[in-house]
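Chemist:
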Amino acid sequence: MVVAIFFTSFLFGRYPVTPDKVMAILISKIISVPKSWTDTMETVVLQVRFPRIVAALMVGGALSVSGAAYQSVFKNPLVSPAILGVSAGAGFGAALGMILYLPWVAVQLLAFVFALLAVAISLFISKIIGGSSMIVLVLGGMVISAFFQALISIAKYIADPLDTLPAITFWLMGGLSKVSNNDVIFAILPITISIAVLYLLRWQVNVLTVGDEEAAALGVNINRIRLVVVLCATLMTAAAVSISGIIGWVGLLIPHMARMIIGPNFQLLLPVSLLMGSGYLLLVDNIGRSAGSVEIPLGILTSLIGAPFFIFLLSKAKKGWS
Amino acid sequence: MSLFVQTLSFNYTKRSNILNDVSLSVAKGDVLCLLGPNGTGKTTLLRCILGILKINQGEIHIGGRAIRSLSARELAREVAYVPQATSTVFPYQVLDMVIMGRNPHLGLISTPSSRDEEIAREALTKTGILHLENCLFSEISGGERQLVLIARALAQQANLLILDEPTANLDFGNQARVLMIINDLARQGYSIFMTSHFPNQAFLVCNKVAIMNEGRILACGSPDEIITDSCLSDLYSSSIKVVSARILDKPHKEVKVCVPMLV
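The structure is reproduced here in structure tokens:
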């Protein structure tokens with residue numbers, strides 16, 4: 000399914016390229032094929048659409064898996080990856096970079112660094128105040144989020160209303176239109192490593208969801224596992240957000256949909272969330288860039304499509320939710 | 000000796016001890032019932048034995064080894080915990096819940112095998128609820144949940160079982176069912192340490208009773224010698240009589256029952 004969406008995605012966009020040409024161009028990268036396409040086609044497919052499609056898969060997958068991980072670790076289905084301040088931190092980092100007229104790479108790097116910084120502060124707050132209490136951690140995350148939101152507002156307030164302010168606003172809406180192959184290379188490592196670590200720990204995460212005391216009695220080193228999971232989920236969210244801007248709803252919605260289909264067992268939940276998240280974001284991105292004459296920002300579309308779709312699912316499959 | 004607690008003290012803050020100089024022991028096949036009023040430190044003691052809380056003074060030995068020398072995983076192979084039946088946030092299937100009992104036998108990055116699944120099914124069979132394996136834990140009754148949690152503890156294959164008020168919130172029939180299972184398990188050689196608010200249960204299934212008040216063990220011994228009018232009346236600060244009841248259609252069989260005197 001995801002593979003099918005992956006290949007058909009190359010067909011969407013302003014510049015028409017036929018399916019056989021797309022295949023030929025992609026294959027030519029692996030084995031040599033007689034050239035039957037124009038250079039423009041090759042640029043469109045490899046430099047514009049390829050990174051964008053891969054980025055959509057990566058960002059969607061990363062947000063969904065980290066959402067699933069956060070929800071499991073916090074034992075709360077209402078938690079999204081933004082809970083510890085990742086998004087707000089990244090937003091401020093990006094805004095800061097744009098105000099300072101830094102090059103795009105530096106803007107992304109700042110977003111990434113501030114995303115990690117925000118979560119680090121949240122973790123630090125919970126460490127000095129409440130020991131291992133989850134409530135303190137969540138409250139710390141909310142406070143840090145609010146703090147960075149305020150900083151974003153300041154950044155918007157002092158930004159040049161003609162060019163910087165729209166750029167910041169657009170970034171906060173999220174989108175993949177600026178993604179290049181370099182962005183993909185930048186984000187792929189933290190995302191794949193984090194997913195791999197979570198996949199290895201999938202059973203421990205599962206046991207963690209029954210409650211701290213019971214998990215500890217079942218031999219889980221709860222504090223260490225929880226920290227590792229939060230770090231992985233944060234790292235990949237930060238990487239995703241830094242190339243895509245803030246894309247809401249995916250990290251909350253997809254794990255729910257996955258759970259409705261295959262149940263809460265994290266062993267299955269992780270791969271299914273990954274696939275569904277990748278496919279979903281790619282699909283929505285395709286809609287976004289082909290629906291209107293002007294591209295609709297991805298973050299807006301995920302919410303617009305996600306909300307009613309979620310309600311529909313909720314009414315349809317009520318597997319264990321009472 | 001399965002469980003050996005010696006001169007244990009515990010406090011959350013430096014000011015006052017929650018547990019004071021607690022000593023007790025549970026041998027193989029023993030069923031020890033810990034009685035005491037609310038807020039007296041029973042659950043705290045369980046948490047200390049499970050290694051969740053770090054004790055300030057004293058020693059806890061399980062299966063002959065000091066628990067401070069064991070990792071969480073090693074400890075969980077020696078002692079299994081049956082919490083009070085509550086619900087989980089996420090809707091797990093019963094079989095999934097029981098397989099979690101296999102966790103201490105798995106490596107950090109491994110997942111349960113079909114052998115673990117088989118052991119989980121055997122545990123469900125032992126508690127008589129194999130037919131529920133595909134039901135959701137959140138949708139079965141409180142009594143059934145308690146049986147699932149006992150099955151999970153059995154799947155853990157630890158010799159010492161710790162049960163926190165195993166019959167709390169259960170109806171009369173389910174209380175009896177759980178007590179029967181506890182009886183069976185003790186006969187199979189498990190050592191059982193349970194807390195309870197019902198002194199009657201001590202007469203029914205336990206061969207040892209410990210009386211706890213304000214963080215201290217006041218008495219420990221067989222139910223017949225420990226559970227007396229004066230002991231219970233002092234412990235619960237209300238007038239309680241231990242009476243001998245004859246079962247109507249079996250005149251030779253007598254059971255002891257505790258009755259609160261309301262006037």
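Going down the list, the protein sequences come from chains A and B.
Every letter in the first sequence is one number past the one before it in numbering that gives the first Met the number 0, and letter 148, counting from 1, is 147.
Every letter in the second sequence is one number past the one before it in numbering that gives the first Met the number 0, and letter 71, counting from 1, is 70.
Where a beta carbon is used, it is the ideal one built from N, C-alpha and C, also for glycine.
Assign aspartate 38 of chain A to one of three DSSP states: helix, strand, or coil.
Modeler: DSSP places aspartate 38 of chain A in helix when its eight states are reduced to three.
Chemist: Roughly how many whole angstroms lie between the Cα atoms of glycine 188 of chain B and valine 147 of chain B?
Modeler: Glycine 188 of chain B and valine 147 of chain B: Cα-Cα distance of roughly 20 Å.
Chemist: Could one say the Cβ of asparagine 222 of chain A lies closer than 8 Å to chain B's Cβ atoms, at least one of them?
Modeler: No, asparagine 222 of chain A does not count as interfacial toward chain B.
Chemist: Pull up the distance between the alpha-carbon of glycine 18 of chain B and that of aspartate 233 of chain B, whole angstroms please.
Modeler: Reading off the sequence shown, one finds leucine at residue 18 of chain B, where the question assumed glycine. Answer to the nearest angstrom: the Cα atoms are 19 Å apart.
Chemist: Give every residue of the same chain whose Cβ lies closer than 8 Å to the Cβ of serine 39 of chain B, excluding the five residues on either side of it in the sequence, and list them in chain order.
Modeler: Sequence inspection shows threonine at residue 39 of chain B; the serine mentioned does not correspond to that position. Closer than 8 Å at Cβ, skipping near neighbours: Met211, Asn212, Glu213, Gly214.
Chemist: Anything in the stretch 200-217 of chain A with a Cβ closer than 9 Å to a Cβ of chain B? List those residues in chain order, please.
Modeler: Taking 9 Å as the Cβ-Cβ cut-off against chain B, the residues of the stretch 200-217 of chain A that qualify are Leu200, Arg201, Trp202, Gln203, Asn205, Val206, Thr208, Val209, Gly210, Asp211, Glu212, Glu213, Ala214, Ala215, Ala216, Leu217.
Chemist: Beta-carbon of threonine 301 of chain A versus every beta-carbon of chain B: anything under 8 Å?
Modeler: Not an interface residue.
Chemist: Classify serine 321 of chain A: buried if its beta carbon has 16 or more other beta carbons within 10 angstroms, exposed otherwise.
Modeler: Unreliable positioning characterises serine 321 of chain A in this predicted model, as indicated by a pLDDT of 42, which lies under 50. The coordinate reading is nonetheless provided below. The residue is exposed, with fewer than 16 neighbouring Cβ atoms inside 10 Å.
Chemist: Quick one: which residues of the stretch 255-285 of chain A get their C-beta closer than 8 Å to a C-beta of chain B? List them in chain order.
Modeler: Residues passing the 8 Å Cβ filter: Arg258, Gly262, Pro263, Asn264, Gln266.
Chemist: Cα separation between serine 125 of chain A and leucine 116 of chain A?
Modeler: Looking at the two C-alpha atoms, the distance is approximately 14 Å.
Chemist: Using the three-state DSSP reduction, which class does tyrosine 315 of chain B fall into: helix, strand or coil?
Modeler: A question about residue 315 of chain B goes unanswered here, because the residues of chain B that appear run from 0 up to 262.
Chemist: Going along the chain, which residues of its own chain have a beta-carbon closer than 6 Å to the beta-carbon of glycine 319 of chain A, five neighbours each way excluded?
Modeler: In this predicted model, glycine 319 of chain A has a pLDDT of only 48, less than 50, meaning its place in the structure is not dependable; the value taken from the coordinates is given anyway. For glycine 319 of chain A, where only same-chain residues beyond five positions count, there are no Cβ hits under 6 Å.
Chemist: List the residues of chain B that proline 76 of chain A touches, going by C-beta distances under 8 Å, in chain order.
Modeler: By Cβ distance, chain B contributes Val88, Phe89.
Chemist: Locate the alpha helix (DSSP H) running through glutamate 116 of chain B, then write down its first and last residues.
Modeler: Element bounds for glutamate 116 of chain B: 113-125.
Chemist: Applying the 10 Å Cβ sphere with the 16-neighbour rule, what's the burial state of threonine 168 of chain A?
Modeler: Exposed, since its Cβ has fewer than 16 Cβ neighbours within 10 Å.
Chemist: Keeping to the same chain, check which residues put their C-beta closer than 8 Å to that of threonine 126 of chain B; ignore five residues upstream and five downstream.
Modeler: For threonine 126 of chain B, where only same-chain residues beyond five positions count, the Cβ hits under 8 Å are Leu146, Val147, Ile149, Ala150, Leu153, Ile180.
Chemist: DSSP three-state call for tryptophan 320 of chain A: helix, strand or coil?
Modeler: A caution first: tryptophan 320 of chain A carries a pLDDT of 49, below 50, which makes its placement in the model unreliable, though a value can still be read off. Residue state, collapsed to three classes: coil.
Chemist: Under a CB-based cut-off of 8 Å, is isoleucine 108 of chain B close to chain A?
Modeler: At least one chain A Cβ lies under 8 Å of isoleucine 108 of chain B.
Chemist: Cβ of valine 345 of chain A less than 8 Å from any chain B Cβ?
Modeler: With chain A covering 0 to 321 only, the question about residue 345 of chain A has no answer from this structure.
Chemist: Check the C-beta distance from serine 195 of chain B over to leucine 2 of chain B and give it rounded, since I have them as a contact under 8 Å.
Modeler: Rounded, the Cβ-Cβ distance is 17 Å, inconsistent with contact.
Chemist: Figure out for me which residue from A/Asp211, A/Ala158, A/Ile295 has the closest Cα to the Cα of lysine 74 of chain A.
Modeler: Ranking the options by Cα distance to lysine 74 of chain A, first place goes to A/Asp211.
Chemist: With 9 Å as the C-beta to C-beta threshold (strictly closer), list the residues of the stretch 98-131 of chain A near chain B in chain order.
Modeler: Per Cβ criterion, the list is empty.
Chemist: Counting C-beta neighbours from all protein chains within 10 Å, is the total for threonine 236 of chain A 16 or more, i.e. buried, or is it exposed?
Modeler: Classification for threonine 236 of chain A: buried.
Chemist: Report the partner residues of isoleucine 216 of chain B according to the DSSP bridge assignment.
Modeler: BP columns for isoleucine 216 of chain B point to B/Met211.
Chemist: According to DSSP, arginine 48 of chain A sits in a beta bridge with which residue or residues?
Modeler: Note: arginine 48 of chain A sits in no beta bridge, so no partner.
Chemist: Just tell me which of A/Ile153, A/Thr163, A/Asn180, A/Leu217 has its CA closest to the CA of isoleucine 52 of chain A.
Modeler: Selected option, being the one with the closest Cα: A/Asn180.
Chemist: How about serine 65 of chain A and alanine 232 of chain A: are their beta carbons less than 8 Å apart?
Modeler: Their beta carbons are under 8 Å apart, which means serine 65 of chain A touches alanine 232 of chain A by this criterion.
Chemist: What residue does the beta strand (DSSP E) around threonine 194 of chain B start on, and which one ends it?
Modeler: Segment 190-195, the beta strand (DSSP E) holding threonine 194 of chain B.
Chemist: Quick check on the DSSP output: the alpha helix (DSSP H) that includes proline 198 of chain B runs from which residue to which?
Modeler: Note, proline 198 of chain B: alpha helix (DSSP H), 198-204.
Chemist: Would you call the stretch 218-230 of chain A in contact with the stretch 158-178 of chain A, where contact means no fewer than 3 C-beta pairs closer than 8 Å?
Modeler: No: the two stretches stay apart, fewer than three of their Cβ pairs being nearer than 8 Å.
Chemist: Between arginine 48 of chain A and the rest of its own chain, which residues show a CB-CB distance below 6 Å, the 5 nearest in sequence each way excluded?
Modeler: Excluding sequence neighbours, arginine 48 of chain A sits near Phe9.
Chemist: Rounded to the nearest angstrom, how far is the Cβ of methionine 40 of chain A from that of isoleucine 187 of chain A, given a contact under 8 Å?
Modeler: With a Cβ gap of about 25 Å, methionine 40 of chain A and isoleucine 187 of chain A do not count as contacting.
Chemist: Does the beta carbon of valine 219 of chain A sit closer than 8 Å to a beta carbon anywhere in chain B?
Modeler: It does; some Cβ of chain B falls within 8 Å.
Chemist: Grab the span of the beta strand (DSSP E) containing threonine 6 of chain B for me, first residue to last.
Modeler: It spans 2-9 - the beta strand (DSSP E) in which threonine 6 of chain B sits, taken as one unbroken run.
Chemist: What's the C-alpha gap between valine 258 of chain B and serine 238 of chain B?
Modeler: So the alpha carbons of these two residues sit roughly 9 Å apart.
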